[in-house]
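Residue numbers (this note's numbering): 1 to 432. Where is the CB? At the ideal position from N, CA and C, for every residue including glycine.
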């Protein structure tokens with residue numbers, strides 16, 4: 001008899017327009033053949049077609065979606081329920097407004113998770129939907145994913161094996177956000193300390209914490225009881241049918257590519273950092289250069305940035321990126337966050353060399369000056385891009401090396417099997 005797993009995520013894992021969705025979808029796509037899977041998520045009415053498509057694709061998965069409805073009464077209840085978070089954000093803006101010296105300061109304070117990590121806005125009805133599902137079913141495992149839902153463990157009966165899949169160590173992300181501010185704030189440090197304690201406290205309530213990289217495992221080893229951590233890297237598709245790209249197959253077409261949506265703040269901050277510190281310098285050296293930004297960005301943001309910077313283009317979400325973005329150079333100027341950047345795998349599968357920051361490459365075993373070029377300093381970041389543009393053979397070498405590394409270190413079937421084995425791990429099964 002197949003084991004029964006309930007997977008709980010904050011949003012529908014389809015379409016595959018973000019790294020988090022790709023990670024969820026890839027595992028469930030294979031795991032559904034080995035387990036009886038039920039998945040629960042929230043969705044908005046405009047996403048109903050995506051829910052239908054997912055149901056058709058996963059006809060052997062029980063899908064329990066919860067429709068988020070906006071009514072006046074529910075808005076009032078939500079405000080009351082999230083009163084602490086609202087007050088904290090207002091208080092933070094008032095206290096910190098005089099200290100905001102730079103555009104980055106304002107961007108960080110406006111978008112930081114510091115004010116909502118502990119008091120994330122959740123629908124009470126969704127919580128009840130989850131509780132009823134757990135109470136009226138006989139799941140062997142309940143698997144919670146993403147920091148937004150970390151506290152759901154308190155609603156799960158103790159006899160059920162609980163797993164938390166940690167896509168991002170939130171306290172690491174917030175620590176990095178604080179380091180980018182131009183000022184020191186005891187108030188923000190206090191909020192960070194509370195958030196970190198909250199996260200670690202809830203992590204320890206799970207029977208098992210699944211991390212996606214050795215780097216995250218090293219960090220979390222300092223906070224989680226021994227034997228409760230399972231390292232299961234994301235199983236990443238690679239183009240097995242492609243031969244290594246030949247010298248005359250990488251011909252740079254004057255396009256840099258940034259892949260990632262605005263809603264994930266590390267993308268927002270990273271793109272702004274690159275535009276402010278690198279773009280004009282690169283344009284003066286390469287006048288025909290263009291920057292293509294792929295992912296969902298608001299009309300307001302795209303209008304603002306295209307009004308300031310020349311030759312940048314917002315393409316939105318692309319269904320088929322390989323043919324449209326080949327012969328480009330990918331940039332990963334990520335400076336905050338934690339976890340694994342799926343956009344790097346996209347670059348490799350497309351056959352594009354990439355330039356990254358240290359944090360952008362974090363969690364993946366690609367090597368600087370062998371698989372890619374890495375720098376955290378604007379001038380050197382620009383120099384790395386210029387090196388690839390001026391030396392196509394370097395771009396070809398990076399592409400070939402990174403493809404080999406992806407194939408050798410991230411074998412898809414091996415990593416899928418490792419995740420499947422997690423549910424039969426004897427150390428885990430005997431945890432009380």
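Contact set for residue i: own chain, Cβ-Cβ below 6 Å, skip 5 residues either direction
i: residue 395; result: 250, 353, 388
i: residue 112; result: 177
i: residue 155; result: 131
i: residue 20; result: 167
i: residue 13; result: 21, 24, 25
i: residue 183; result: 99
i: residue 416; result: 30, 235
i: residue 271; result: 258
i: residue 360; result: 332, 334, 341
Coarse secondary structure for residue i, derived from DSSP in three states
i: residue 96; result: helix
i: residue 243; result: In this prediction, residue 243 has a pLDDT of 44, which is less than 50 and means its spatial position is unreliable; nothing more can be read from the coordinates.
i: residue 221; result: coil
i: residue 365; result: coil
i: residue 373; result: strand
i: residue 66; result: strand
i: residue 329; result: strand
i: residue 53; result: helix
i: residue 211; result: strand
i: residue 131; result: helix
i: residue 145; result: strand
i: residue 356; result: strand
i: residue 216; result: helix
i: residue 153; result: helix
i: residue 323; result: helix
i: residue 105; result: helix
Cutoff 7 Å; reference residue i; Cβ partners in own chain excluding five residues on either side
i: residue 194; result: 118
i: residue 424; result: none
i: residue 224; result: 203, 204, 209
i: residue 358; result: 374, 376
i: residue 312; result: 291, 293, 305, 306
i: residue 16; result: 22, 25
i: residue 229; result: 209, 211, 217, 220, 221
i: residue 260; result: 267, 295, 343
Bounding residues of the beta strand (DSSP E) (the contiguous stretch that carries residue i)
i: residue 316; result: 312-316
i: residue 262; result: Careful: residue 262 lies outside any beta strand (DSSP E) and carries neither H nor E.
i: residue 8; result: 4-8
i: residue 231; result: 229-231
Rounded C-alpha distance that separates residue i from residue j
i: residue 29; j: residue 268; result: 30 Å
i: residue 144; j: residue 288; result: 47 Å
i: residue 220; j: residue 173; result: 13 Å
i: residue 36; j: residue 339; result: 28 Å
i: residue 11; j: residue 263; result: 13 Å
i: residue 233; j: residue 212; result: 4 Å
i: residue 257; j: residue 1; result: 47 Å
i: residue 302; j: residue 165; result: 33 Å
i: residue 215; j: residue 231; result: 10 Å
i: residue 190; j: residue 179; result: 14 Å
i: residue 266; j: residue 334; result: 6 Å
i: residue 9; j: residue 408; result: 31 Å
i: residue 147; j: residue 153; result: 12 Å
i: residue 65; j: residue 116; result: 24 Å
i: residue 414; j: residue 393; result: 32 Å
i: residue 284; j: residue 94; result: 40 Å
Continuous alpha helix (DSSP H) stretch holding residue i: start and end
i: residue 300; result: 299-308
i: residue 382; result: 378-390
i: residue 340; result: No alpha helix (DSSP H) holds residue 340; DSSP gives it neither H nor E.
i: residue 39; result: Residue 39 -> not in any alpha helix (DSSP H); beta strand (DSSP E) instead, spanning 36-43.
i: residue 421; result: 412-422
Same chain, Cβ closer than 8 Å to residue i, neighbours up to 5 away in sequence not counted
i: residue 254; result: 286, 288, 289, 290
9 Å Cβ cutoff, residue i in contact with chain C
i: residue 198; result: Absence of chain C from the displayed structure is noted, only one protein chain being present.
The segment 37-56 / the segment 196-203 touching (three or more Cβ pairs under 8 Å): no
Cβ contact check for the segment 27-45 and the segment 115-131: 3 or more pairs under 8 Å: With a cut-off of 8 Å on Cβ pairs, the segment 27-45 is in contact with the segment 115-131, counting three or more such pairs.
Cβ contact check for the segment 361-373 and the segment 310-326: 3 or more pairs under 8 Å: The segment 361-373 makes no contact with the segment 310-326; the number of CB pairs closer than 8 Å stays below 3.
Cβ contact (3+ pairs, closer than 8 Å) linking the segment 135-142 and the segment 159-175: yes
Sufficient close CB pairs (3 or more, under 8 Å) joining the segment 312-322 to the segment 346-361: yes
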